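Quick note: the sequence shown uses my numbering, first residue 10, plus one each step.
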Amino acid sequence: MSDDVESISEGSDNEYSYDSDDQLQPEDTLVDRGVDDILDEGISPPEKPSKAMRYGVTAEDQREGESLEEHLAEEVPDPAAEVTFHEDSAPKPAVPADEDLSDAVDEIDEFDNEVGDDRAGRLVSPDEGVNPHTTHQEVASDAGIDGAGASAEEAAVHTVPEGQIP
């Protein structure tokens, strides 16, 4: 082992560092994700648990086996299997084949002004989440970009200038 390598003991203050000097800089990587500061990117957790966390991947699970109740609890019913049609009540197409669809596009355009062009940053409640909510409405203000990426809910929020509110 080399003498110039500094060892960091587990649990010490220097074990994990959020200092930008300790982070791999964008110019040192082959991936350009379009963020100026690497700490602004954040992470996006997976939508569902990893398959490695399922039952049956360990030797103990395989040895004991899975009960029928546990196996049936994992089953997801097929919604298409529950639908039955009679000949007289067969589903009809939403748009007749001879009808022009250009009008449908015009109807969609009327909703384009409901979302502003500017995305809101980190949303913070007026009391910064310290006190319990006493109102039935959610109130928050834009606190700008945080040290990580926005959550899906925050990324969906856009600001609309006062004069452009429909």
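We put the beta carbon where it would ideally sit given N, CA and C, even for glycine.
All figures in this text were calculated on a predicted structure; none of them were measured in a lab.
Following a CB-centred definition, is residue i positioned closer than 7 Å to any heavy atom of the ligand MG?
i	result
Arg128	Inclusion of the ligand MG in the displayed structure is not the case, the ligand content being empty and no account of it being possible.
Measuring alpha carbon to alpha carbon, tell me which of the options ends up nearest residue i.
i	options	result
Glu162	Ala129, Leu48, Gln173	Ala129
Asp151	Thr144, Val139, Asn140, His167	His167
Asp46	Lys57, Ser53, Gln34	Gln34
Gly51	Glu171, Gln173, Ala164	Ala164
Asp126	Ala82, Gln173, Glu75	Gln173
Glu83	Arg72, Pro54, Tyr64	Tyr64
Ala149	Pro141, Asn140, Asp136, Thr143	Asp136
Which residue marks the beginning of the alpha helix (DSSP H) containing residue i, and which one marks its end?
i	result
His80	77-83
Glu91	From DSSP, Glu91 is part of no alpha helix (DSSP H); its letter is neither H nor E.
Gln173	Here Gln173 belongs to no alpha helix (DSSP H), and DSSP marks it neither H nor E.
Gln71	68-73
For residue i, which beta-bridge partners are listed by DSSP?
i	result
Thr168	Asp127
Ser150	Val133
Exposed or buried, which one is residue i when buried takes at least 16 other CB atoms within 10 Å?
i	result
Ala90	exposed
Ala159	buried
Met10	Low confidence applies here, because Met10 scores a pLDDT of 46, under 50, leaving its location unreliable; read the following figure in that light. Classification of Met10: exposed, given that the 10 Å Cβ count is below 16.
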